[in-house]
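Visitor:
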Ligand SMILES: *Cc1c(COP(=O)(O)O)cnc(C)c1O
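Residue numbers (the numbering used here): 81 to 460.
(1) Under the three-state reduction of DSSP, which class applies to residue 296: helix, strand or coil?
(2) I'd like to confirm something about residue 413: is its beta-carbon nearer than 6 Å to some heavy atom of ligand 1, or not?
(3) Taking only the alpha-carbon atoms, compute the straight-line gap between residue 407 and residue 116 and give it to the nearest angstrom.
(4) Would residue 310 be called buried (16 or more neighbouring beta carbons within 10 Å of its own) or exposed?
(5) What did DSSP end up calling residue 345 once you bin it into helix, strand or coil?
(6) Among 453, 324, 204, 243, which residue has its Cα nearest to the Cα of residue 101?
(7) Between residue 413 and residue 349, what straight-line distance do the alpha-carbon atoms span, to the nearest angstrom?
(8) Do residue 220 and residue 178 have their C-beta atoms within less than 7 Å of each other?
(9) Going by the beta-carbon positions, is the gap between residue 214 and residue 395 smaller than 7 Å?
(10) Name the one or two DSSP bridge partners that residue 131 has.
(11) Please report the straight-line C-alpha distance between residue 424 and residue 371, rounded to a whole angstrom.
(12) For residue 119, collect the residues of the same chain with a Cβ closer than 8 Å to its Cβ; drop the 5 residues on either side in sequence, then sort them by chain order.
(13) Taking the beta strand (DSSP E) that residue 311 falls in, what are its first and last residues?
(14) Any contact between the region 435-452 and the region 371-389? By contact I mean 3 or more CB pairs, one from each, below 8 Å.
(15) On the three-state DSSP scale, how would you describe residue 163?
(16) Let's see if you can read the secondary structure: which residues bound the alpha helix (DSSP H) around residue 259?
(17) Can you list, in chain order, the residues of its chain whose CB lies under 8 Å from that of residue 186, leaving out five sequence neighbours each side?
(18) Label residue 167 either buried or exposed according to how many other C-beta atoms from any shown protein chain fall within 10 Å of its C-beta, with 16 as the threshold for buried.
(19) State buried or exposed for residue 446, treating a residue as buried only when at least 16 other CB atoms are found within 10 Å of its CB.
(20) From the DSSP secondary-structure annotation, give me the bridge partner or partners of residue 410.
(21) Runs of 4 residues minimum, wholly inside the region 210-267: which ones carry the alpha helix (DSSP H) assignment?
(22) On the CB-based measure, 16 or more other CB atoms within 10 Å of its CB, does residue 303 come out buried or exposed?
(23) Mind reading off the beta-carbon distance from residue 258 to residue 267? Whole number of angstroms is fine, and I expect it under 8 Å.
(24) Using 6 Å as the cut-off, classify the Cβ of residue 259 as near or not near the heavy atoms of ligand 1, replying yes or no.
(25) Using a Cβ-Cβ cutoff of less than 6 Å, which residues in the same chain neighbour residue 143 once the five nearest sequence positions on both sides are dropped?
(26) Going by beta-carbon coordinates alone, are residue 250 and residue 236 separated by less than 7 Å?
(27) For residue 256, verify whether its CB is less than 6 Å away from any heavy atom of ligand 1.
(28) For residue 113, which three-state DSSP category applies?
(29) Excluding the 5 residues flanking residue 254 on each side, which residues of the same chain have their C-beta closer than 6 Å to its C-beta?
(30) In the DSSP assignment, what residue or residues form a beta bridge with residue 203?
(31) With the cut-off set at 7 Å, would you say residue 184 and residue 421 are in Cβ contact?
(32) Compute every distance between the C-beta of residue 371 and the non-hydrogen atoms of ligand 1, then say whether any falls below 6 Å.
(33) Within the continuous beta strand (DSSP E) that includes residue 431, where are the two ends?
(34) Could you check whether the region 441-458 touches the region 223-230, counting it as contact only if at least three pairs of C-beta atoms, one from each stretch, sit closer than 8 Å?
(35) With 16 other CB atoms within 10 Å as the buried threshold, where does residue 188 fall?
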């Protein structure tokens with residue numbers, strides 16, 4: 081079925097096509113000058129010293145944990161209200177994910193009180209996720225990390241250019257990880273980026289990204305090197321220049337795209353505020369946000385009621401999603417610690433994600449709000 085209003089729409093034009101064609105015609109398709117330029121521009125945009133392109137954010141999270149020597153026997157505290165990659169990456173290095181609850185129905189980021197409850201002598205790192213580009217409480221997370229000597233990896237997939245007290249998300253912890261998957265704020269098909277101020281971590285990650293080899297084919301082709309050693313057991317997690325050239329166009333459009341999304345969000349707040357049966361998370365947050373998604377949570381509801389309402393919205397031509405089914409409930413994570421995750425479970429059962437992208441009109445938002453109100457009323 082094709083939706084009248086889809087959940088997401090690409091912000092693509094002729095510029096992306098032209099960039100790909102130019103890269104094709106350059107005949108350098110794999111990781112090369114476009115990736116380097118994207119790394120430099122992206123890191124500068126975030127106020128970080130180094131950027132490293134990778135195949136996707138999942139690879140970025142994996143390499144971040146590897147570069148910090150996190151391994152079997154170590155525990156990493158992660159949210160459960162996130163995309164599964166935030167927890168899967170912990171398993172890649174043989175460590176144990178420990179799930180923490182969210183702060184409240186109003187603040188869907190990881191609860192710092194619950195992180196504090198779940199720290200043990202084996203805890204080595206925390207991976208906060210900035211939900212929809214709204215920041216986790218980084219001051220308190222960094223203070224806890226300092227006190228217990230923990231690393232902080234920001235899963236900033238939702239939040240390029242989003243801010244926390246004047247700093248860009250992803251640039252506050254030891255490492256920040258971003259995704260350029262098709263439906264993210266920056267879309268290159270697949271793609272990702274890791275940023276850090278730590279040269280040692282950046283250099284180690286660059287090695288691990290390409291088999292642990294000390295030089296790359298681009299350097300060798302350019303005559304800068306003729307041979308290489310393999311000094312670590314790395315992966316092939318390289319991005320390619322076709323995607324990087326799309327990314328360069330996309331970051332040029334990002335600020336304007338986010339400003340349009342902020343306008344769409346303000347229309348949603350106006351249209352939805354009179355609906356009594358819902359909570360709009362982050363309603364009072366004044367930080368600049370990417371508004372990656374537009375979540376609402378049904379009050380005094382159940383998963384069945386939520387699913388019925390989603391069906392009604394779909395019949396009205398409005399595509400919706402759920403961010404997120406609680407990760408600790410997936411069967412692969414059943415054997416891990418999942419104490420005290422009641423808010424996460426409630427949101428997983430009762431959240432609906434409404435359409436959000438730059439080209440949504442005021443009319444669209446009014447239509448969606450009406451469909452939501454009617455769906456809620458008929459469910460009573
Ligand atoms: C999209 C996403 C990821 C994974 O990114 P990929 O680039 O698809 O690997 C991880 N965490 C969060 C919060 C995401 O939204």
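From the three backbone atoms N, C-alpha and C, an ideal C-beta is built for every residue, glycine too.
Guide: In this structure, then:
(1) DSSP, read as helix, strand or coil, puts residue 296 in coil.
(2) Taking 6 Å as the cut-off, the C-beta of residue 413 does not count as close to any heavy atom of ligand 1.
(3) When the Cα atoms are used, residue 407 and residue 116 turn out to be separated by approximately 34 Å.
(4) With fewer than 16 other Cβ atoms from the protein chains shown falling within 10 Å of its own Cβ, residue 310 counts as exposed.
(5) Here residue 345 carries a helix assignment [DSSP, helix/strand/coil].
(6) Ranked by Cα distance from residue 101, the first of 453, 324, 204, 243 is 324.
(7) Distance between the alpha carbons of residue 413 and residue 349 is about 36 Å.
(8) Contact flag unset, no.
(9) No; because the gap between Cβ atoms is not below 7 Å, this pair is not in contact.
(10) Beta-bridge pairing links residue 131 to 275.
(11) In a straight line, the C-alpha of residue 424 is about 20 Å away from that of residue 371.
(12) Here the set comprises 130, 131, 132, 133, 273.
(13) No residue range can be given for residue 311, since it is assigned to no beta strand (DSSP E) and is classified by DSSP as neither H nor E.
(14) Because the criterion of three Cβ pairs below 8 Å is met, the region 435-452 and the region 371-389 touch.
(15) The DSSP-derived three-state label of residue 163 is coil.
(16) Counting along the chain, residue 259 falls outside any alpha helix (DSSP H), though it belongs to the beta strand (DSSP E) covering 255-259.
(17) Listed in chain order, the non-local C-beta contacts of residue 186 below 8 Å within the same chain comprise 359, 361, 362, 363, 364, local neighbours out to five positions each way being set aside.
(18) Per the 10 Å Cβ criterion, buried.
(19) By the 10 Å Cβ count, residue 446 comes out exposed.
(20) The secondary-structure analysis by DSSP pairs residue 410 with nothing; it has no beta-bridge partner.
(21) Under the rule that a run must span 4 or more residues, the alpha helix (DSSP H) segments found entirely inside the region 210-267 read 218-228.
(22) Classification for residue 303: exposed.
(23) Your pair residue 258 and residue 267 does not check out as a contact, with CB atoms roughly 12 Å apart and the cut at 8 Å.
(24) Yes, the beta carbon of residue 259 sits closer than 6 Å to at least one heavy atom of ligand 1.
(25) Closer than 6 Å at the Cβ level, and outside the excluded window around residue 143, lie 285, 288.
(26) Cβ distance < 7 Å, so residue 250 and residue 236 count as in contact.
(27) For ligand 1, not one heavy atom lies less than 6 Å from the Cβ of residue 256.
(28) Looking at residue 113 - three-state DSSP - the assignment turns out to be helix.
(29) Only 231, 232 meet the Cβ criterion.
(30) Paired residue(s): 155.
(31) Result no, Cβ atoms of residue 184 and residue 421 do not sit closer than 7 Å.
(32) No, Cβ of residue 371 sits at least 6 Å from all heavy atoms of ligand 1.
(33) Unbroken beta strand (DSSP E) run through residue 431: 431-434.
(34) No, because fewer than three Cβ pairs between the region 441-458 and the region 223-230 fall closer than 8 Å, the two stretches do not touch.
(35) By the 10 Å Cβ count, residue 188 comes out buried.
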